[in-house]
Every structure is written in C-alpha cells, then in structure tokens.
Amino acid sequence: MHGRFPILYIAEADAEEAVLSSGALAQLVEAIPQATFTVVGSPASAPLFADLPRLQRLITLDRDGRWDWIALWNQVRETNWGLVVDMRGSTLSGKLRRQRRAVKGKTVPGVHLVEQAARTLQLDEIPAPKLFIERDTQEAADALIPPGGGPILAIGPGADWIGKRWPADRYAKVAISLLGEGGPLAGGRLMIVGEEADRDAAQTIRSAVKRDRVIELQGRLTRLQTAAALSHADLYLGGDSLWTQLAVAAGVPAVAVFGPSDETLKRPWTGVAVRGPRSLQEFQELDPRLNQHIQHMMDLPYERVLKAAKKLLAERAS
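Under the working numbering, the first residue of the sequence shown is numbered 239, with each subsequent residue one higher.
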C-alpha cells in the first residue's frame, strides 16, 4: 500500500492510565493521515481503543508474563513498523523492525501523566485525553438517555479502593445544591455512571432529585459507551477513578475529590482536584502502602467540593 505508515501502540494495562495517555495517540491519528494502527492493551484497557480510526488490529494481552510477551512478539514481528510507541516501557520495541520508537520511562513525580505521555512522543503541545467514539457506540449510549431538556450533572461515585471513596451522602448534598432551585444547574438532570457494584453508593445519590430526573447507567454500558454518554454532561463530579478520566476524555469539565492519591499525576486535565486538610504524605504515614481498609476520605467536607464546582461552572460560563 503506497504511503502506508504502520504504527504499533502498546497501551498501559491500567485503564485509567491508558485514558490519561490517550491524547498522545489521538495526536498521531490526526497528524499522520496515512498511518494505520495496531493497538495492544490489557483486558481492561484494550476495549477503550475499539473505535480508533484506521485501526487494523486490536490485540489483548491477557497477562503480563514472559510467555505472553513472546506470543505478542510473534504476532507483530513480521511488520516493518513506521513507529512503535510503548507506554508500558517494555523491552519489546527494541526487538522489532521499526523506523522510530518511543518508550515511556518511569513515572516522574510531580509531572502529570498527560504531560508525561506527550513527552514520550516529544510533542510540542500537550494534547488532552481523547477517546474516539464511532456512531454505533454513541447510539448505544444515547439509547439509555431519555430525551429531555436542561443541563446534566454526571457523578461517578465508584473507586477501586475504599480508601479513595468519598461518602455518597456528600455527593448527594453537592447534587442538591447544584441542581436545586437557584443552583447553577437548576432544573437539570442527574446522570450516575460506574460499575454494577456502585449501585449501593448510587442509592443515596439518586435521592437528591426526583426519580424522573435521574439517568442511571451503572453496569449498563461498556466503558467506551460510558464516555459517549458522559459527552452529554455539563459537569462531572467523581473521585480518583477511571470514570473521572473518561469524563475528561469526553471533554466534560470535571471536579475530582482526592485524598490518599496524587493529584499532581492524575488531577482532571480539564478541571480541578479538591483535597481535604491532609496531604498525600500524611495519608502515607497512617497507611504506608495505601491499601488498608480505611475510609480516608471522611475529612473532605462537601462545602469545599461544592465551592469548586460552582467556581468551575462560572468560569466556563464566562
């Protein structure tokens, strides 16, 4: 094929980190129109790239063992790659035929992961996270959003660890203030996203507004479809989670609550991070490996999050 430029992109295994780096991949799609793409991801991250333009192959690396990498090498070694991008920092790219390669190094403390992805490709500008969404994906998401007017506040209360989970009743209080009479999103609807396992947290949050104003999507959509659904939102509220990064990739202004995790690396690229009174280091003194069954987020008051949300909405309006 004349002018064809094959690119191999090895995405992070962690879905949240893969979304954070997605703007760099989107930049390649837009800057090199003759490029075709083979994307490698984990069972969690690969499906996020299913709608990538000019995608020739999507490979799922089920595990991270030596034999898995050998199997992958056997699948990609015959191609003379124009560019190999390795966001996992593996040794595979050095063993393949290629014109150029870009390998992500170790995480740099204090430098946002979006910026680190741009540095990997030596980009002059830092592209925001972006996932491509085809028409079928968008329509599947839209089918679960009842027609109606007014703004949409999206909330993703789920987190992969109890230590990062903000109390559901505080999400509800923020939603009541934003969507209630006199609020910046008055008369709007509440969209709740996440896994099926997040339904318990959603029970409290959904009571913030009348039943007919709730769009409950937990466990009903794929993660890529969730990003498509989130594109309808006017504001997103969540924690340090995949759902927050999906909202950012969908172009939604986001407010994220942070406690025992590092906002310098993962704050919403288009939005704000809100912390309680304790620093990350203070959490680590109590919980050195950040893995204990402790509700670390109890000291972040809802008023602080509400204030940040109102400020962000005001800035967007102006």
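Glycine is no exception: its CB is placed at the ideal position from the N, C-alpha and C atoms.
Range of the contiguous beta strand (DSSP E) that encloses residue i
i           : result
residue 546 : From DSSP, residue 546 is part of no beta strand (DSSP E) but of the alpha helix (DSSP H) over 540-555.
residue 337 : 336-341
residue 345 : Looking at the DSSP string, residue 345 is not in any beta strand (DSSP E), and its letter there is neither H nor E.
residue 297 : 293-298
residue 276 : 273-279
residue 452 : 452-454
residue 321 : 319-324
residue 471 : From DSSP, residue 471 is part of no beta strand (DSSP E); its letter is neither H nor E.
residue 493 : 492-496
Residue nearest to residue i in terms of C-alpha spacing, selected from the options
i           : options            : result
residue 420 : 548, 408, 265, 243 : 548
residue 242 : 250, 268, 274, 258 : 274
residue 436 : 277, 457, 446, 318 : 457
residue 272 : 279, 290, 244, 255 : 244
residue 313 : 326, 303, 334      : 334
residue 463 : 447, 378, 416, 351 : 378
residue 306 : 393, 279, 257      : 279
residue 499 : 285, 400, 467, 461 : 400
residue 512 : 332, 301, 535      : 535
residue 446 : 469, 467, 417      : 417
residue 286 : 304, 255, 510      : 255
residue 555 : 449, 423, 316      : 423
residue 515 : 495, 468, 347, 304 : 495
residue 483 : 257, 344, 247, 362 : 257
Element boundaries [alpha helix (DSSP H), containing residue i]
i           : result
residue 443 : 437-444
residue 261 : 260-269
residue 306 : 304-314
residue 373 : 373-380
residue 411 : 406-417
Cα-Cα separation between residue i and residue j, rounded to whole angstroms
i           : j           : result
residue 321 : residue 522 : 40 Å
residue 405 : residue 441 : 12 Å
residue 433 : residue 396 : 7 Å
residue 239 : residue 276 : Because the pLDDT at residue 239 is just 40, under 50, the model does not fix this residue reliably, and the value given afterwards should be weighed accordingly. Rounded to whole angstroms, residue 239 to residue 276 spans 16 Å at the Cα level.
residue 259 : residue 352 : 6 Å
residue 553 : residue 492 : 13 Å
residue 297 : residue 288 : 10 Å
residue 295 : residue 266 : 16 Å
residue 293 : residue 438 : 38 Å
residue 263 : residue 318 : 19 Å
residue 309 : residue 249 : 17 Å
Three-state class that DSSP yields for residue i in the structure shown
i           : result
residue 507 : coil
residue 523 : helix
residue 394 : strand
residue 536 : helix
residue 284 : helix
residue 290 : coil
residue 249 : coil
residue 240 : Residue confidence for residue 240 is low, a pLDDT of 46 falling below 50, so the modelled location carries little weight and cannot support an answer.
residue 430 : strand
residue 257 : helix
residue 476 : strand
residue 512 : strand
residue 481 : helix
residue 501 : helix
Cutoff 8 Å: residue i Cβ touching any chain C Cβ
i           : result
residue 453 : Reference to chain C is not applicable here, since this structure consists of a single protein chain.
* Could you tell me whether the stretch 460-475 touches the stretch 417-435, where touching means 3 or more Cβ pairs closer than 8 Å? => At 8 Å Cβ cutoff, the stretches touch.
* Should the stretch 482-493 be regarded as contacting the stretch 357-372, the criterion being three or more beta carbon pairs within less than 8 Å? -> The stretch 482-493 makes contact with the stretch 357-372: 3 or more CB pairs, one atom from each, lie closer than 8 Å.
* If we count Cβ pairs, one from each stretch, closer than 8 Å, do we get three or more for the stretch 379-398 versus the stretch 348-357? -> Touching, no.
* Quick check: the stretch 406-413 against the stretch 531-545, are there 3 or more CB pairs under 8 Å? -> Between the stretch 406-413 and the stretch 531-545 there are three or more C-beta pairs closer than 8 Å, enough to call the two in contact.
* Asked: Does the stretch 449-456 come close enough to the stretch 496-511 to have 3 or more Cβ pairs within less than 8 Å?
  -> They do not touch, by the three-pair rule.
* Would you check if there are 3 or more beta carbon pairs closer than 8 Å linking the stretch 371-379 to the stretch 494-503? => With the cut-off at 8 Å, the stretch 371-379 and the stretch 494-503 do not touch.
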